[in-house]
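Undergrad: Quick one: the structure is below, questions incoming.
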Amino acid sequence: MDELDLLKKDWKKNEPQFPKISEQEIYAMLHKKSSSIVKWIFIISIIEFIALNSLSFLLPNDFDSKLGWVETFVRYSDYVSYAVAAFFIYLFYKNFQSISSTSTTKKLMESILRTRKTVTYYIFFNIAYVFLAGLLIIGSQVKLLLIDTHQEMKVVVGASLLLLVFLLVILLIVWLFYRLIYGFLLRRLHKNYEELKKIDL
Amino acid sequence: MNSSLEQSFVSQLKEHQNIIHKICRLYTSDEDSHKDLFQEITIQLWKAFPQFRGDSKFTTWAYRVALNTAITLYRKKTKSINTIEFDSTIHRFAHDDYNYEEEEQIKLLYKAVHQLNDIEKALVFMYLEDKDYTEIAETLGISEVNARVKMNRIKGKLKRIVNP
């Protein structure tokens, strides 16, 4: 008899030793809060969507009309970014809906990871957008200050550096958030998913 | 949700609660985490219950949701730092043909199973529950052949842990 069959023999004998949970206790459990990772992913993703959308208000909107095409770019890209946000939120919602505890373990893991990926892509899109907009604004400010208002070089360089630092800080925060989610929230899930994939190689 | 649905769920769960206890036993190492996981599985089962059509057995359906909760959905509130020491109070022998050597080996085996990863535990659990490879494969979402291969590897692994 192999080891597992020995265990199986014993496994069945142990059933009566389990605690008996009463119907009242089960009723009480039904109304308790779940601590599933899906709930956490949902909450964190919503916070990210809100945070990223409020970020766009931080970008200066009152440009000098001399900025011309930069101003036009920033104004229209605002509409584009709202459309993109709406699209991502729709995808997120659809992915979230597809998470079901009655799927196979592998499918369940895939749908959770896909939901999370949607939010990550949205974050990447926003970083790229903020970076591009930031660079354009820096560039146009430099032009404005140097050529049009003949500011001192020191001031121009200082202002540009400040903007760059601001962009880098945003990037750092986003990156830390990303690490937090993948490290803290999804580590176990990722590990188990890899394990399951390995079996089916 | 209406109360008759709730009633039907509660009575079925009460009847089959050992399934959940057994999963908790494999995936947790102390009483508090056992209760915690039991509760989370109950919540997940209840959330999924409206989709339970009764075209499969309650138990088959419950196995899947409960395992998915233990492997994927459940977030441990506290991380247990101590290495798992199998508690002999949970694991008592009531049978007459008491065999000391066998008891020791079974103790070692439980310890060894606790050392397996979450996926391997799921396979062992279903094996101990007499599930065939079709159901094991269907629950996890892997192929039947690979489930069988993996199971044989686990057996080898357990053999090596128990008889080093």
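Same order as they appear, the protein sequences are chains A and B.
Residues 236 to 436 in the working numbering are what the first sequence lists, from first letter to last.
Residues 4 to 167 in the working numbering are what the second sequence lists, from first letter to last.
Positions of the beta carbon are idealized from the N, C-alpha and C atoms, including for glycine.
Nothing here was measured: the structure is a model prediction, and the numbers come from that model.
1. My guess is that residue 122 of chain B and residue 431 of chain A are in contact by the Cβ rule of under 8 angstroms, so how many angstroms apart are they, rounded?
2. Please state the DSSP three-state secondary structure of residue 269 of chain A.
3. Answer with yes or no whether the minimum CB distance from residue 18 of chain B to chain A is below 8 angstroms.
4. In whole angstroms, what is the alpha-carbon distance linking residue 356 of chain A and residue 278 of chain A?
5. Report the partner residues of residue 103 of chain B according to the DSSP bridge assignment.
6. By Cβ distance, which residues of its chain are closer than 8 angstroms to residue 312 of chain A, with the 5 residues on each side in sequence left out?
7. Residues of chain B with CB closer than 7 angstroms to the CB of residue 339 of chain A, please, in chain order.
8. Return the chain-ordered list of same chain residues with a C-beta closer than 7 angstroms to the C-beta of residue 238 of chain A, the five sequence neighbours on each side being excluded.
9. Does any residue of chain B bring its CB to less than 8 angstroms from the CB of residue 330 of chain A?
10. Residue 45 of chain B to residue 263 of chain A, Cα distance in whole Å?
11. In angstroms, rounded to a whole number, what distance separates the CA positions of residue 166 of chain B and residue 115 of chain B?
12. In whole angstroms, what separates the C-alpha of residue 265 of chain A from that of residue 411 of chain A?
13. Any C-beta of chain B sitting closer than 8 angstroms to the C-beta of residue 243 of chain A?
14. Under 8 angstroms between C-beta atoms, does residue 354 of chain A make it to chain B?
15. Is the Cβ of residue 284 of chain A closer than 8 angstroms to any Cβ of chain D?
16. Taking the alpha-carbon of residue 287 of chain A as reference, which of A:424, A:359 and A:342 has the nearest alpha-carbon?
17. Below 7 angstroms CB to CB, which residues in the same chain sit around residue 92 of chain B once its five sequence neighbours on both sides are set aside?
18. Since I believe residue 324 of chain A is in contact with residue 273 of chain A (beta carbons under 8 angstroms), could you give me their beta-carbon distance rounded to a whole number of angstroms?
19. Considering residue 26 of chain B, what are the terminal residues of the alpha helix (DSSP H) in which it resides?
TA: In short, the structure shows the following:
1. 6 angstroms
2. coil
3. no
4. 17 angstroms
5. DSSP output for residue 103 of chain B lists no bridge partner at all.
6. 364 and 368
7. 141, 142, 143 and 144
8. none
9. no
10. 10 angstroms
11. 11 angstroms
12. 35 angstroms
13. yes
14. no
15. Within the model displayed, chain D is absent; protein chains A and B are what it includes.
16. A:359
17. Since pLDDT at residue 92 of chain B reaches only 43, below the 50 mark, its modelled position is unreliable, and no value is offered.
18. Contact doesn't hold; Cβ gap of about 17 angstroms is too wide.
19. 20–30
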